[in-house]
Amino acid sequence: MSYDYNSQTGQLNIPNPHRLENFFLLASGGLYFASGVAVLLMARGHVMEGVLRWPPVVLALLLLGLGATHGVRAFSQLRYYFGRGRPADLAPLVQADVQGRSAASEHLKDSLRARALQYGEPKGAFNGLLYWLVPNLIHAPDPIRVLASRQFSHALTLAIFFLAFLVAFFGMPAGEEAGGHLRGWLGLGFWAYAMFALIGPAATSAQGAGAELSIGRFVLITALAILGPVLLMVIAPKLPALGSFSPYPHVFVLYLAALGCSVCFFLALMAQLSAPPQTLVEQTQEAWNLSIHPGQVLGEFERIMLERWSEGIPNRVYARILPSIDMGARAGEFQGEVIEETQPLPLNAVELRLANALGNPRFRWVLALSTIGALAAAGAALSGLLFGLRSLGETAEISFPALAYFATLASLGLFCSRAAGSLWQRVDFESKLYAIEVSGQYVTAQLEQGRVLEDRVRAASTMVKVEGMTFRFWATQLTTTVLGKDSARHVVAMNSGDLSPALIERLRTFVREQSVLVAPTATDDVRRQAALEQFNALAQAGSASLPPPAAVAALATAPRFCPACGAAAATGHRFCSGCGAALGG
Numbered sequence: 001m002s003y004d005y006n007s008q009t010g011q012l013n014i015p016n017p018h019r020l021e022n023f024f025l026l027a028s029g030g031l032y033f034a035s036g037v038a039v040l041l042m043a044r045g046h047v048m049e050g051v052l053r054w055p056p057v058v059l060a061l062l063l064l065g066l067g068a069t070h071g072v073r074a075f076s077q078l079r080y081y082f083g084r085g086r087p088a089d090l091a092p093l094v095q096a097d098v099q100g101r102s103a104a105s106e107h108l109k110d111s112l113r114a115r116a117l118q119y120g121e122p123k124g125a126f127n128g129l130l131y132w133l134v135p136n137l138i139h140a141p142d143p144i145r146v147l148a149s150r151q152f153s154h155a156l157t158l159a160i161f162f163l164a165f166l167v168a169f170f171g172m173p174a175g176e177e178a179g180g181h182l183r184g185w186l187g188l189g190f191w192a193y194a195m196f197a198l199i200g201p202a203a204t205s206a207q208g209a210g211a212e213l214s215i216g217r218f219v220l221i222t223a224l225a226i227l228g229p230v231l232l233m234v235i236a237p238k239l240p241a242l243g244s245f246s247p248y249p250h251v252f253v254l255y256l257a258a259l260g261c262s263v264c265f266f267l268a269l270m271a272q273l274s275a276p277p278q279t280l281v282e283q284t285q286e287a288w289n290l291s292i293h294p295g296q297v298l299g300e301f302e303r304i305m306l307e308r309w310s311e312g313i314p315n316r317v318y319a320r321i322l323p324s325i326d327m328g329a330r331a332g333e334f335q336g337e338v339i340e341e342t343q344p345l346p347l348n349a350v351e352l353r354l355a356n357a358l359g360n361p362r363f364r365w366v367l368a369l370s371t372i373g374a375l376a377a378a379g380a381a382l383s384g385l386l387f388g389l390r391s392l393g394e395t396a397e398i399s400f401p402a403l404a405y406f407a408t409l410a411s412l413g414l415f416c417s418r419a420a421g422s423l424w425q426r427v428d429f430e431s432k433l434y435a436i437e438v439s440g441q442y443v444t445a446q447l448e449q450g451r452v453l454e455d456r457v458r459a460a461s462t463m464v465k466v467e468g469m470t471f472r473f474w475a476t477q478l479t480t481t482v483l484g485k486d487s488a489r490h491v492v493a494m495n496s497g498d499l500s501p502a503l504i505e506r507l508r509t510f511v512r513e514q515s516v517l518v519a520p521t522a523t524d525d526v527r528r529q530a531a532l533e534q535f536n537a538l539a540q541a542g543s544a545s546l547p548p549p550a551a552v553a554a555l556a557t558a559p560r561f562c563p564a565c566g567a568a569a570a571t572g573h574r575f576c577s578g579c580g581a582a583l584g585g
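Numbering (the UniProt record's numbering), first residue to last: 1 to 585.
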């Protein structure tokens, strides 16, 4: 999407909401990158001596990849451009001079008509439990609800597997060699699952396939958690020995830390909730009598909306249906509507600094998540560096504990970083939504203005007459939110603000002042009527200055005489029959 700049749209210069997140990303990425470069430099010395050790080189590449991933995220968010086309529309736009509407625009009008926000009912037993524990979650934006549901399922799954692991771990013999071998593979399996659950994006993203915990999935997970260790005991004799590698205590650290991070993420999500929102809508319904085309009412409404642009930015038109009048028909029905929203402007947008985040309950737990993620990244970078030092040292020791801690802390860091990133980018907006609807029946007639027998100048026109047109108008002040400048926008509240009285009065005034010759009450009607009467008066004055019709007829039939000899001339002759002289007239 292009960035449209206008010097007069200062309110769209939103402070970068990723400012604090970028700090943690750059710090984590810098530590990963520095650790990877250090390990590669140590490996280069051994390569120059003719010794190539692959484990530290592979780990160094992983460190560089993690550093690059964090750096790319931070650098792509250093500037926050928010143009005129953002945030996203609430419905498909209707372009100028085009008529149309959509299912989304009908949904908006239904919300205005019902004065209510529509929420999807939670489905499933575990979602029912979640919404029972957190009643206000039903009023949250859809992305927050999806994240909360997925995180609740994610935490429950981790807890089930951790409990199953504890039961299996303490139920196995510890003294025997076979028991130690079995415990090693048991811990490795549960440790690998926990890392996969943390690295997978399902728990930290509101997009993509769902990860909600259904009854069937819960039964499957429970059965796998209980029967998995038993199956492992059956196949354990065929599995190779782990040697010096031991997943302990890393598996305990990973599960406890993962559950703690999940709780922190859930608390950050709960901090996004608020009290049940207002759903106030200004609604007006009246019956109007018109002697003009009803489309003129919608045309005047759109002209008024031009004056109400926010920051000089055109309104967003979601529906435009103009009344259709057949002037050749005697009567018919019509219906028209327009739905417009002003440009959404950021609500209380301030530059997010450390003090602001600590003092803002909405971002306090998000800041904690970012901090935990950065600390975990620092620990992972240090563990990777330690692994490189030992594997490239004189003893060439493969430090499995350092490698295990690297994997454990790196997965925790990625989880916390992505979880916090989904909440840092929340921005709230405020806009005004207007909807007008006209409907009714009309009749057409031929109107002639003037006295048929007396006036010389008359006017004729075809008129539209509407009795009892239903006029409906809704207006509200929307509060919307987005999680990402290009993500979908969601309505979270509707408030009134005296938006409709002045606008409706202007429409009434417009209707009264239109030139309609049926009842000359408007200013233009009086002026045009006076002009017609003036033309008729001039015509009558010209007729009065002429001789009476009878005198003109008598003059035409009077006898005529020759001016030369005085002899009588016959009617219609041009020369005298006696002397031949020319007769006058």
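All C-beta atoms, glycine included, are put in the ideal place defined by N, C-alpha and C. Quantities reported herein were computed from a predicted structural model and do not represent experimental measurements.
Query raised in the report: In chain order, which alpha helix (DSSP H) runs of at least 4 residues are fully inside the stretch 247–315?
Result: Within the stretch 247–315, the complete alpha helix (DSSP H) runs of at least 4 residues are 250–270 and 295–306.
**Report entry** Per-residue DSSP class, three states only, for A475
**Finding:** Three-state result, A475: strand.
**Report entry** Local conformation of M233 per DSSP, three classes
**Finding:** Secondary structure of M233 (DSSP, three-state): helix.
Query raised in the report: With respect to the alpha helix (DSSP H) encompassing residue 588, which residues constitute its N-terminal and C-terminal limits?
Result: There is no way to answer for residue 588, as the model of the chain reaches only from 1 to 585.
Requested in this report: Measure the beta-carbon distance from E21 to S370 and round it to whole angstroms, keeping in mind my assumption that it falls under 8 Å.
Outcome: Contact flag correct, Cβ pair sits at about 6 Å.
Query raised in the report: Is it buried or exposed for I215, if we count other Cβ within 10 angstroms and need 16 for buried?
Result: Result: exposed.
**Report entry** Sequence-distant residues of its chain with Cβ nearer than 8 Å to D428 (five each side left out)
**Finding:** If we look at D428 and ignore the five residues flanking it on each side, its Cβ neighbours are P346, L347, N348, T479, T480, T481 and V492.
Query raised in the report: When the Cα atoms are used, what is the spatial distance from V57 to I144?
Result: Computed Cα separation, rounded: 41 Å.
Requested in this report: Name, in chain order, the residues that DSSP records as bridge partners for D428.
Outcome: Note: D428 sits in a beta bridge opposite T481.
**Report entry** Cα-Cα separation, R115 to G484
**Finding:** Computed Cα separation, rounded: 28 Å.
Requested in this report: Give the single residue among A27, I436, L59 and F82 whose Cα lies nearest to the Cα of V72.
Outcome: Nearest C-alpha to V72: A27.
**Report entry** Reference L232; option with closest CA among A168, A287 and L269
**Finding:** Selected option, being the one with the closest Cα: A168.
Query raised in the report: To the nearest angstrom, how far is it from the Cα of G421 to the Cα of N13?
Result: Each residue's alpha carbon lies about 21 Å from the other.
Query raised in the report: Whose C-beta lies closer than 7 Å to the C-beta of H70 among residues of the same chain, with five residues either side of it excluded?
Result: So the list reads L25, S28, G29 and Y32, once near-sequence residues are dropped.
Requested in this report: Mark K123 as exposed unless 16 or more other C-beta atoms lie within 10 angstroms of its C-beta, in which case mark it buried.
Outcome: Under this definition K123 is an exposed residue.
Query raised in the report: With 16 other CB atoms within 10 Å as the buried threshold, where does residue 586 fall?
Result: Because the chain is modelled from 1 through 585, residue 586 falls outside the range shown and cannot be assessed.
Requested in this report: Compute the distance between the beta-carbons of S35 and A381, then report whether it is under 8 Å.
Outcome: Yes, the pair counts as a contact, with Cβ atoms nearer than the cut-off.
Query raised in the report: Counting along the chain, where does the alpha helix (DSSP H) carrying A331 start and finish?
Result: Per DSSP, A331 belongs to no alpha helix (DSSP H); it is in the beta strand (DSSP E), A331 to E341.
Query - For A435, the three-state DSSP class (helix, strand or coil) - result: In this structure, A435 counts as strand in the three-state DSSP scheme.
Query - Same chain, Cβ closer than 7 Å to P15, neighbours up to 5 away in sequence not counted - result: If you ignore the 5 residues before and after P15, its C-beta comes within less than 7 Å of the C-beta of A349, V350, E351 and L352, all in its own chain and listed in chain order.
Query - Cα-Cα separation, A376 to A275 - result: About 34 Å.
**Report entry** Reduced DSSP category for K109 - H, G, I as helix; E, B as strand; rest coil
**Finding:** The answer is helix: DSSP assigns K109 an H, G or I state.
Report task. Could you tell me the distance, in whole angstroms, from the CA atom of G444 to the CA atom of S324? Result -> At residue 444 the sequence reads Thr, which differs from the Gly that was named. Approximately 13 Å between the Cα atoms of the pair.
**Report entry** Alpha carbon of Q441 to alpha carbon of Q343, nearest angstrom
**Finding:** In a straight line, the C-alpha of Q441 is about 35 Å away from that of Q343.
Query raised in the report: Should M42 be listed as close to the ligand GTP, given that the test is whether its C-beta is under 7 Å from any heavy atom?
Result: Ligands in the displayed structure: none, and consequently the ligand GTP is not present.
Query raised in the report: Can you tell me whether DSSP reads K123 as helix, strand or coil?
Result: Looking at K123 - three-state DSSP - the assignment turns out to be coil, as it is neither helix nor strand.
Query raised in the report: Excluding five sequence neighbours on each side, which residues of the same chain lie with their C-beta closer than 7 Å to the C-beta of S138?
Result: Here the sequence assigns Ile to residue 138, which means Ser is not the residue at that position. Cβ within range, chain order: Y119 and Y131.
**Report entry** Q441 in three-state terms, based on DSSP
**Finding:** Q441: strand per DSSP, three-state reduction.
**Report entry** Which of helix, strand or coil DSSP assigns to residue 599
**Finding:** There is no way to answer for residue 599, as the model of the chain reaches only from 1 to 585.
Requested in this report: For the stretch 305–317 and the stretch 283–293, state whether three or more C-beta atom pairs, one from each stretch, are separated by less than 8 Å.
Outcome: Taking a cut-off of 8 Å on C-beta distances, the stretch 305–317 does not touch the stretch 283–293, as fewer than three cross pairs fall below it.
Query raised in the report: Hey, how far is the Cα of A225 from the Cα of A159?
Result: A direct Cα-to-Cα measurement between A225 and A159 gives close to 11 Å.
Query raised in the report: Mapping DSSP to helix, strand and coil, what is L347?
Result: Three-state DSSP puts L347 in coil, outside helix and strand.
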